[in-house]
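According to my numbering, the sequence shown is numbered sequentially starting from 67. Worksheet for the structure shown next.
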Amino acid sequence: MDKKSKIYVAGHRGLVGSAIWRVLESENYSNLVGRTHQELDLEDQRAVDSFFVEEKPDFVFLAAARVGGIYANNTYPAEFIYNNIQIQNNVIDASYRNSVRKLMFLGSSCIYPKFANQPMDEGQLLSGKLEPTNEPYGIAKIAGIITCQSYNRQYGTNFVSVMPTNLYGPGDNYHPDNSHVIPGLIRRIHEAKEKSLPEVTVWGTGQPLREFLYSDDLARACVFLMNNYDVRGQADGGQMVNIGSGIEVSIKKLAETIQKVVGYNGKLRFDVTKPDGTPRKLLDVSKLHSMGWHHAVDLEAGLKVAYQDFLNQL
């Protein structure tokens, strides 16, 4: 990308898209295009087609998606598979038909099998059954990966897929039911502090291990890969790239760190009747590291920024 390339960030108001937008602006990319959901419904094929014909972007970051934690995935499985497949199909196909130079599709570590070998390298895609609680979302994201590879093989496009680990940061969704683990814990622990509650309930045993990445670190990795990773001419349509920190932490340790950042002095109670989800999810990021990219923000420092963002939203 050069600094004046027209760059469309789909989902530029979300956690990932807003981070990509911030990083692009900080690196002096001056021709950015974004549309809110009210301005452009990405599930509407005709509207997406018209947008691409009118704007003719050179590069596309496909960061728009319906996302959520275990509760949301369990409660809205139909929306999670239907909405995501609709969005990605429309944007990927319109990018091909309007000669987009390069597209980046953002997937999720949910694409890997529940009991995948740890850490999970890119070659383990479709090597086993998914975690049931987020299977519809995972299958939608797998469909996006295969769609990009198929267009690359048949049409010679340059559509790259990247798989981020669990993300957090400014612009996150702090909904009490539909949020991911970090924003959900930030909200519940903050509210317990404000109400002087003696304890906060955390779903599961606290034992599962998770990897987390600050959203602006992900965005910097995406811009790096957009500029440095090319899949044209690869017979398999181009292998995806994991993006993560390579560092894992237990949910218990995570909750304790958030408790420290928030300044809550009560007790954490783990509800073992609630699901844990996948026992361990650590990405193998050796491919990304071999290209020369590493994350910069450690967990506690990133959580302090995320908590301030939550307070600002209040």
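Each residue gets a CB set at the ideal place from its N, CA and C atoms; glycine is no exception. Just so we're clear, the structure is a prediction, and the values are computed from it rather than from any experiment.
Residue j and residue i - do their beta-carbons sit closer together than 7 Å?
i: Leu-349; j: Thr-231; result: yes
i: Lys-340; j: Arg-276; result: no
i: Ile-136; j: Thr-199; result: yes
i: Pro-179; j: Ser-193; result: yes
i: Val-363; j: Ala-321; result: no
i: Tyr-142; j: Cys-176; result: no
i: Val-75; j: Phe-127; result: yes
i: Pro-274; j: Ile-309; result: no
i: Tyr-240; j: Arg-219; result: no
i: Lys-195; j: Ser-174; result: no
i: Asn-149; j: Gln-111; result: no
i: Arg-335; j: Glu-260; result: no
i: Asp-285; j: Val-114; result: Note on residue identity: the sequence assigns Ala, not Asp, to residue 285. Not in contact: Ala-285 and Val-114 (Cβ atoms no closer than 7 Å).
i: Ile-211; j: Met-306; result: yes
i: Gly-368; j: Ala-258; result: no
Please report how far the alpha carbon of residue i lies from the alpha carbon of residue j, in whole angstroms.
i: Val-328; j: His-256; result: 6 Å
i: Ile-313; j: Asp-238; result: 21 Å
i: Gly-372; j: Asp-282; result: What sits at residue 372 in the sequence shown is Ala, not Gly. Cα to Cα, Ala-372 sits roughly 11 Å from Asp-282.
i: Thr-223; j: Phe-125; result: 12 Å
i: Val-351; j: Gln-325; result: 29 Å
i: Gln-374; j: Lys-319; result: 20 Å
i: Ile-147; j: Lys-69; result: 36 Å
i: Ser-92; j: Glu-109; result: 30 Å
i: Asp-296; j: Tyr-330; result: 47 Å
i: Asn-183; j: Thr-323; result: 27 Å
i: Tyr-95; j: Gln-190; result: 35 Å
i: Glu-366; j: Phe-376; result: 15 Å
i: Pro-249; j: Asp-159; result: 33 Å
Along the chain, where does the alpha helix (DSSP H) containing residue i start, and where does it finish?
i: Leu-349; result: Leu-349 -> no alpha helix (DSSP H), and no H or E assigned at all.
i: Phe-118; result: 111–121
i: Tyr-203; result: 201–221
i: Lys-259; result: 247–260
i: Ile-86; result: 81–92
Please state the DSSP three-state secondary structure of residue i.
i: Ser-227; result: strand
i: Ser-316; result: strand
i: Thr-267; result: strand
i: Leu-369; result: helix
i: Asn-139; result: helix
i: Val-297; result: coil
i: Lys-70; result: coil
i: Tyr-234; result: strand
i: Val-327; result: helix
i: Leu-98; result: strand
i: Met-292; result: helix
Could you work out which residue in the options is closest to residue i when comparing CA atoms only?
i: Ile-153; options: Leu-81, His-103 and Val-119; result: His-103
i: Pro-123; options: Val-228, Gly-189, Leu-192 and Met-170; result: Met-170
i: Ala-301; options: Thr-267, Tyr-221 and Arg-112; result: Tyr-221
i: Lys-353; options: Tyr-178, Tyr-280, Pro-185 and Glu-197; result: Pro-185
i: Leu-98; options: Gly-83, Gln-111 and Leu-108; result: Gly-83
i: Asn-140; options: Gly-77, Asp-243, Val-119 and Gly-299; result: Asp-243
i: Phe-290; options: Tyr-240, Val-226, Val-247 and Gly-134; result: Val-226
i: Val-228; options: Pro-264, Ala-206, Glu-260 and Glu-188; result: Glu-188
i: Val-166; options: Lys-72, Lys-195, His-246 and Leu-172; result: Lys-72
i: Gly-304; options: Tyr-234, Glu-197, Gln-215 and Glu-201; result: Gln-215
i: Arg-79; options: Ala-129, Gly-299 and Glu-109; result: Ala-129
i: Leu-279; options: Ser-96, His-360 and Asp-342; result: His-360
i: Glu-197; options: Gln-379, Asp-342 and Lys-370; result: Asp-342
i: Ala-287; options: Gln-379, Leu-251, Met-357 and Ser-262; result: Met-357
i: Asn-293; options: Lys-168, Ile-205 and Gly-368; result: Lys-168
i: Glu-121; options: Gly-250, Arg-163 and Thr-344; result: Arg-163
i: Pro-345; options: Lys-370, Val-315, Leu-263 and Gly-299; result: Val-315
Kindly indicate the opening and closing residues of the beta strand (DSSP E) around residue i.
i: Arg-276; result: 275–280
i: Ala-76; result: 73–76
i: Val-126; result: 125–128
i: Arg-335; result: 333–337
i: Ala-307; result: In the sequence under discussion, the amino acid at residue 307 is Val, which differs from the Ala named in the question. Its beta strand (DSSP E) spans residues 307–309.
i: Leu-169; result: 168–172
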